[in-house]
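Novice:
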Amino acid sequence: AVNYLNSRDGIAGRPVEYHAEDTESSPPAGARKFRSLVQRNKADFVIGSVHSGVCLASTAIAKELKTIYVPQAMAEEMTGTQGNRYVFRVGSDTYSQAVAGAPWAFKNLGKNWTFIFADYGWGWSHFNEHKKVLEPLGARIANPIAVPLDAKDLLPYLTKVPADTQVLYSIFFGAQSTAYYTQTKSMGLDRKMNRYSVVCTHEAISPKDLGGASEGVYLLEYHPRQLRYKDTPHNKRF
4 AVNYLNSRDG
14 IAGRPVEYHA
24 EDTESSPPAG
34 ARKFRSLVQR
44 NKADFVIGSV
54 HSGVCLASTA
64 IAKELKTIYV
74 PQAMAEEMTG
84 TQGNRYVFRV
94 GSDTYSQAVA
104 GAPWAFKNLG
114 KNWTFIFADY
124 GWGWSHFNEH
134 KKVLEPLGAR
144 IANPIAVPLD
154 AKDLLPYLTK
164 VPADTQVLYS
174 IFFGAQSTAY
184 YTQTKSMGLD
194 RKMNRYSVVC
204 THEAISPKDL
214 GGASEGVYLL
224 EYHPRQLRYK
234 DTPHNKRF
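In terms of the numbering used here, the sequence shown opens at residue 4 and continues consecutively.
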């Protein structure tokens with residue numbers, strides 16, 4: 004993208020310089036790297052991270068340093084309660100996902116909901132925004148189950164899911180997402196309740212790692228991304 008811009012006179016006639024930092028998926032590290040990009044590299048604007056915890060830790064620094072910030076994560080708070088005039092969202096957030104999907108899921112999947120998620124900004128934001136949408140509809144929401152980010156075995160947390168749950172909403176990524184799908188399958192929860200989530204909890208996982216454990220899960224998606232599915236009856240209508 005930088006090469007493309009610079010071959011076309013940059014931005015408003017100014018060449019673009021690119022600097023990248025690894026946030027280590029750690030809010031303290033990400034905040035330090037944000038400050039370094041601005042103060043050491045003289046960044047005019049910062050893009051990223053995709054980790055909600057890192058982004059929430061960086062919004063106040065963007066305000067302090069008066070630097071345009073374009074986070075890529077989805078926690079609603081970044082442009083809501085923790086937003087400021089320097090923070091701009093270009094993608095969706097947990098609020099829009101809740102408003103788009105929860106009414107359909109409430110009507111078609113069930114009225115008794117349990118939320119289980121990784122214990123940081125992204126998971127909590129999904130819970131809080133869905134609760135705002137679901138409770139006025141009449142949904143019954145169990146106590147949330149927040150799983151530590153370093154937990155590799157989810158069984159101790161999955162055993163806390165109430166037996167009368169009709170919709171089990173999950174927010175995990177990477178290895179924890181693999182553990183969630185495989186362990187809910189091995190426990191038979193997929194036969195007792197509807198598993199529901201957003202597509203980014205699933206799409207980065209290799210099918211061979213899941214072994215069919217996510218078969219039947221409901222996922223909220225933005226649009227059909229892969230052309231190889233263009234011949235399905237649903238996609239043909241578009």
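Even for Gly, the Cβ is constructed at its ideal location relative to N, Cα and C.
Taking the alpha-carbon positions, what's the V164 to F109 distance?
Specialist: Those two C-alpha atoms are separated by around 18 angstroms.
Novice: Rounded to whole angstroms, what's the CA-CA distance from R188 to A216? Just pull it up for me.
Specialist: Contrary to the premise, residue 188 reads as Lys rather than Arg in this sequence. If I take the Cα positions, the gap works out to 6 angstroms.
Novice: What residue ranges within the region 30-86 form continuous beta strand (DSSP E) runs of no fewer than 3 residues, ordered along the chain?
Specialist: Correct list: 48-50, 71-73.
Novice: Hey, quick one: how far does the alpha helix (DSSP H) through A101 stretch, first residue to last?
Specialist: A101 -> alpha helix (DSSP H) spans 97-111.
Novice: Taking the Cβ atom as the reference point for each residue, do Q100 and L222 lie within a distance shorter than 8 angstroms?
Specialist: No, the pair does not count as a contact, with Cβ atoms beyond the cut-off.
Novice: Starting from G8 and walking both ways along the alpha helix (DSSP H), at which residues does that stretch end?
Specialist: Note that residue 8 corresponds to Leu in the displayed sequence, not to Gly. Taken as a continuous stretch (DSSP letters only), the alpha helix (DSSP H) holding L8 covers 5-9.
Novice: Looking at the secondary structure, which residues open and close the alpha helix (DSSP H) in which T185 lies?
Specialist: Element bounds for T185: 178-189.
Novice: May I have a chain-ordered list of the alpha helix (DSSP H) segments no shorter than 4 residues that lie completely inside the region 129-165?
Specialist: Whole alpha helix (DSSP H) segments, 4+ residues: 158-161.
Novice: For A149, which of Y123, T62, K45, H133 has the nearest alpha-carbon?
Specialist: Nearest C-alpha to A149: Y123.
Novice: Ordered along the chain, which non-local residues of its own chain (more than five positions away) have a Cβ less than 7 angstroms from that of L158?
Specialist: The answer, listed in chain order, is Q186.
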